Structure formats: C-alpha cells, structure tokens
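Each number in the numbering used here corresponds to the 1-based position in the sequence shown with 23 added.
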Amino acid sequence: MSMTVSNEREVRSEPNVVPLCDVLLVLLIIFMVVTPLIQKGIDVRLPVALNTINMPESPEVILSIRKDGKMYIGQDQITLDNLQTMIEEAFMTASDKRLYLRADGELEYGNIVDVVEILKAAGVEIVGIITEIKTGKID
Numbered sequence: 024m025s026m027t028v029s030n031e032r033e034v035r036s037e038p039n040v041v042p043l044c045d046v047l048l049v050l051l052i053i054f055m056v057v058t059p060l061i062q063k064g065i066d067v068r069l070p071v072a073l074n075t076i077n078m079p080e081s082p083e084v085i086l087s088i089r090k091d092g093k094m095y096i097g098q099d100q101i102t103l104d105n106l107q108t109m110i111e112e113a114f115m116t117a118s119d120k121r122l123y124l125r126a127d128g129e130l131e132y133g134n135i136v137d138v139v140e141i142l143k144a145a146g147v148e149i150v151g152i153i154t155e156i157k158t159g160k161i162d
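As structure tokens, this is what we get:
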C-alpha cells in the first residue's frame, strides 16, 4: 500500500450555480403571474350576440375602440387620422389581412362605419367583430 502525501492542495474553483437557478426560478414565476395581467388589454364593454364563432387563440391585430372614442392597436393609442397608416404598417408583413374589432357596445354606429371604411382603404380584407356570447333566444 502506497500513499502519496502532498503538501500542495489542489485549488478547484467551480461556480456555484444553485443561487443562479433560484433567481431564474423566481423570475420565471413572476413572468408567469404577470403575463396574463398584461394581456388583458383595453377595458371595453362588448356587445352581446347570439350567433358567434370562435376567433383564433392569438389574433395578429386587434383594434379596440372605447366608449369615449379612443382607439388602440394592442396597448398603443391611435387617432382616426393615423389609423390607416398604423394598420398598413401592422399588415406590411402579414399574409392574413384579417383584423378583429373590439368596439364598446355603447359606441355610436356611425363611428364604427367610419373606422371600417378606413380599414378597407388600408387593405384589410376581413373585419371580425368581437362580441360577448349571448345565451338564450333572440328577443
């Protein structure tokens, strides 16, 4: 039996990754909690309709119009004057020229018509209107 004794100690420097993993896990949990809150969008009281179809899980472009007439693409507020430009930019690379409209149920019909005319001029092929699902029979 031979044993080698050395007075020199080998120094091994390895990074401790456990605290890094802890921090990353906490960040992941924070993002998982905050993300659904961010996706809520603009507060709009949608009209109710009986005959509805399901829209895609994540539509590319949603235009929201509040009761006071303020318009938003996603979270960005826009005006009627720059609506056409913003829509053209949004659809510059999109193959599907479909837009979903979230308009407040108490918004005047004339305002919606003006917006739809601008959307058609901007090259939107299909305008889908987002509504709440009505249960029961039509009155």
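Backbone N, C-alpha and C fix where the C-beta goes; we use that ideal spot for every residue, glycine too.
Predicted, not measured: the structure shown is a model, and the values here were computed from it.
Would you tell me roughly how many angstroms separate the C-alpha atoms of Lys90 and Leu47, rounded to the nearest one?
-> Between the C-alpha atoms of Lys90 and Leu47 there is a straight-line separation of about 42 Å.
When the distance is taken between beta carbons, is Gly92 closer than 8 Å to Lys120?
-> Result no, Cβ atoms of Lys120 and Gly92 do not sit closer than 8 Å.
Just tell me which of Leu106, Met115, Met94 and Pro59 has its CA closest to the CA of Glu83.
-> Taking only the C-alpha atoms, the option nearest Glu83 is Met115.
Ser87 to Ala144 span [Cα, whole Å] = The C-alpha of Ser87 lies about 18 Å from the C-alpha of Ala144.
For Val150 and Leu124, believed in contact at Cβ under 8 Å, the rounded distance | Here Leu124 really is in contact with Val150; their C-beta atoms are around 6 Å apart, less than 8 Å.
Give a single yes or no on whether Phe54 has its beta carbon closer than 7 Å to a heavy atom of the ligand MG.
-> With respect to the ligand MG, the structure offers nothing, as it holds no ligand at all.
Between Met94 and the rest of its own chain, which residues show a CB-CB distance below 6 Å, the 5 nearest in sequence each way excluded?
-> Excluding sequence neighbours, Met94 sits near Ile88 and Ile101.
For Gln98 versus Ile141, is the C-beta spacing smaller than 8 Å?
-> By the CB criterion at 8 Å, Gln98 and Ile141 fall outside the cutoff.
Starting from the Cα of Met109, find the closest Cα among Val138, Arg35 and Ser36 and give me that residue.
-> Measuring C-alpha to C-alpha distances from Met109 to each of Val138, Arg35 and Ser36 identifies Val138 as the nearest.
Reducing DSSP to helix, strand and coil, say where Val139 ends up.
-> DSSP, read as helix, strand or coil, puts Val139 in helix.
Rounded separation between Val56 and Ile96 - CA only = Roughly 24 Å separates the two Cα atoms.
Should Ala117 go down as buried or exposed, given a rule of 16 or more other Cβ atoms within 10 Å for buried?
-> Ala117 is exposed by the Cβ-count criterion.
Terminal residues of the continuous alpha helix (DSSP H) containing Ser126?
-> According to the sequence shown, residue 126 is Ala rather than Ser. Unbroken run through Ala126 is the beta strand (DSSP E), Arg121 to Ala126; no alpha helix (DSSP H).
Inter-residue spacing [alpha-carbon to alpha-carbon] between Leu122 and Tyr132 = Rounded to whole angstroms, Leu122 to Tyr132 spans 18 Å at the Cα level.
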